[in-house]
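Protein sequence lines correspond, in order, to chains A and B. Going by our numbering, the first sequence opens with residue 1443, and the numbers climb by one from there. Going by our numbering, the second sequence opens with residue 1443, and the numbers climb by one from there. Don't be surprised by glycine CBs; every beta carbon is placed ideally from N, CA and C.
There are 2 protein chains.
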Amino acid sequence: MDAEPQISSVNCSVSRALAVVGERWTLLIVREAFAGVRRFGDFRARLGIASNLLATRLDTLVETEVMRRVPYREPGGRQRFEYELTPRGADLRPVLVALLQWGDKYLADPEGPSVIVRHRAGPGETPCEAPVRVVLECAAGHSALPPDSLRRAPGPGARLIEP
Amino acid sequence: MDAEPQISSVNCSVSRALAVVGERWTLLIVREAFAGVRRFGDFRARLGIASNLLATRLDTLVETEVMRRVPYREPGGRQRFEYELTPRGADLRPVLVALLQWGDKYLADPEGPSVIVRHRAGPGETPCEAPVRVVLECAAGHSALPPDSLRRAPGPGARLIEP
DNA sequence: CCTCCTGGGTTTATTTTCTCAACTCAGCTT
DNA sequence: AAGCTGAGTTGAGAAAATAAACCCAGGAGG
């Protein structure tokens, strides 16, 4: 009864995603980037990360195309670089919102969460400020699926293990 | 024009969530638990993690109530313990699905993802095997929000920084 | 009752990674 | 020319991860 083949985890996308963004500090840097931080010194000040580590993390994020270096020049300053999320980096938003939501549910201060993510409708749309949450939904239209109503099925790239 | 107060990140739920599940291997252990793995040796074999590290990670996960030790006894064996996700651990599902989805989009093998998460309707419901994705939706009913249509607003626990 | 086997871990040594602090460097201002 | 600033390097010490050997409680086999 337990004979269904196991899916190997060697090429699982979760591992690969974590290989890119799973190092210490990396998701926090991305979070600050979503909060609008762009400059080396601001990341450093807000996170309290060591500067050499921040430098290597930013390099990795640029290499993996999660962030991009953008030249800028302040009036009366020399040219420098700042860091912004690429579309690939912006697509990490659900990961961060999911972590935020989990942390809010189980680890928040008694007075409540410190950040609420709200919907900001684009220009020309009717304004909306409703709080945002992350939900699981299936292609058949069922939404807000509970976490135990999911099944892991092998995909086209699956490698199976005999049990 | 940049005078809106910044939200401090000291009590952000993302940091707190990452303090619990952000260490190396932790989310991979949780992933395996979702895949049905329960025993020390199976975690070890499937992940290739060193046994001492697995032991400390499992201890931490039990302490933080993400997992639970459950006694079991195989016929002709002595009593041992296995590990299962608590409801708190099960609530990490959206985090893992979000990571999976991001990895599938940007890092999968050319032949496609190795795992597809499908909806498994509960007993008594009409069966559904449609693939599942994670989406951002707002309380006003807007669904599948793009990652840049969000705004971080201070919540009740927010500590603000003067800019 | 003595030995072997098995699953689930410790212990110990080595390597890698993080942290902290000091230092560099290019160019702008005085 | 000297000093300041933001954005990093460099290097030493502490902490964490890896690897591999070892331990240990009990059941099975003899």
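query: Residues bridged to Y1525 (chain B) [DSSP beta-bridge criterion]; result: B:R1511
query: Test: P1569 (chain B) CB closer than 8 Å to a CB of chain A; result: no
query: Straight-line gap, L1542 (chain A) to V1574 (chain A) (C-alpha atoms, nearest Å); result: 11 Å
query: Beta carbon proximity, P1573 (chain A) to chain B, threshold 8 Å; result: yes
query: Closer than 8 Å at the beta carbon, the chain A residues around E1553 (chain B); result: P1598, G1599
query: DSSP-derived helix/strand/coil call for R1499 (chain B); result: helix
query: Within-8 Å CB hit, G1483 (chain A) to chain B; result: no
query: Within chain A, partners of R1539 (chain B) - CB distance below 7 Å; result: Arg is not the amino acid found at residue 1539 (chain B); the sequence shown has Val there. Chain A residues near V1539 (chain B): L1578.
query: is_contact[V1504 (chain A), chain B] using C-beta, thresh 8 Å; result: no
query: Between the CA atoms of A1600 (chain B) and S1457 (chain A) - distance to the nearest angstrom; result: 33 Å
query: Per-residue contacts from R1594 (chain B) into chain A (C-beta, under 9 Å); result: F1476, A1477, G1478, V1557, I1558, V1559, R1560
query: Proximity test, G1554 (chain A) beta-carbon vs the ligand ADP heavy atom, cut-off 7 Å; result: In terms of ligand content, the structure shown is empty, and the ligand ADP therefore cannot be addressed.
query: Cβ-based contacts, 8 Å cut-off: residues of the segment 1447 to 1460 of chain A near chain B; result: Q1448, I1449, S1450, S1451, N1453, C1454, S1455, V1456, S1457, R1458, A1459, L1460
query: P1589 (chain B): contacting residues in chain A (beta-carbon distance under 7 Å); result: A1532, D1533, R1535
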